[in-house]
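Q: Okay, handing you the structure first.
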Amino acid sequence: MFTSISPPRAERTATVHLLCGSDVESFIKSVYANEVDIPSIQGFRISSGSITQSTGDAFAGLIVKHLGVLKIRHLEIHHAEEFLGSSSSYRLVHAFAMCTTITHLILDEVGDRARELLVKSRFSLVSASLTMPDPDDEPGESDSESEQDSSSSSSSDSDNARPNSERDPDYHARHNPIVLLRNSRATLHHVL
């Protein structure tokens, strides 16, 4: 069973806490068994990380199917890259991006999929907390790569010594949260 809807069967606001893949599966089953009052759900707090592709696709389908009555205001996803990557063809990304009522967003471990969510989003945020990866520790850079043969050219050494933001002319367009949240520029009050 998913961890909680607080308060249960609420007529007020409710936040759904999904801590693992089985919580997501249980929540989906509960919705389709009419055990959950969809209009009362005001937010999701997702800490599950990676889930199965079939569960990710089913959760994305549930969100899209209930867009007319699902009015979530806050969305919190820990391990965002893993969770959003759990569905085929970016389905979770596109499903959450279609939610126009989200005003408060927390994303931890933002990567390409979470960036896609920010770019494709239709919501206008009031607050956002985005934990971005360190730009100089991006995937593909490892200690073994940094210990290359000393016969490397000096121009390549000087390029590697510069931070990514100086080497890549499009760096700021991909990493600056304000640029990524272009739909929220007029409404955004707080970015962490």
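Counted the way the UniProt record's numbering counts, the sequence shown spans residues 1 to 192. Heads up, the beta-carbon is just placed ideally off N, CA and C, and yes, glycines get one too. None of the values given here were measured: they were computed from a predicted structure.
1) What are the residues that DSSP puts in a beta bridge with G56?
2) Please classify H74 as buried or exposed, where buried requires at least 16 other C-beta atoms within 10 Å of its C-beta.
3) Check whether the Cβ atoms of E93 and L67 sit closer than 7 Å, and answer yes or no.
4) Applying the 10 Å Cβ sphere with the 16-neighbour rule, what's the burial state of S87?
5) Would you kindly work out how many angstroms separate the C-alpha atoms of I63 and L70, rounded to a whole number?
6) Give the DSSP bridge partners of G106, in chain order.
7) Output needed for residue 199: all residues of its chain with C-beta closer than 7 Å, excluding positions within five of it in sequence on either side, in chain order.
8) In terms of residues, what are the limits of the alpha helix (DSSP H) holding S113?
9) In the structure shown, what three-state DSSP assignment does I51 receive?
10) Contact defined as beta carbons within less than 8 Å: I believe H189 pairs with V126. What is the distance between those atoms, to the nearest angstrom?
11) Considering I46, what are the terminal residues of the beta strand (DSSP E) in which it resides?
A: Let me lay it out:
1) Paired residues: none, contrary to the question.
2) buried
3) For the sequence presented, residue 93 should be read as Val rather than Glu. Taking 7 Å as the Cβ cut-off, V93 and L67 do not qualify as a contacting pair.
4) buried
5) 7 Å
6) According to the sequence as given, residue 106 is Ile; it is not Gly. DSSP output for I106 lists E76 and S129 as bridge partner(s).
7) There is simply no residue 199 to check, as the chain begins at 1 and stops at 192 in what is shown.
8) As written in the sequence, residue 113 is Arg, which differs from the Ser given in the question. That run of the alpha helix (DSSP H) goes D112 to K120.
9) coil
10) 5 Å
11) I41 to I46
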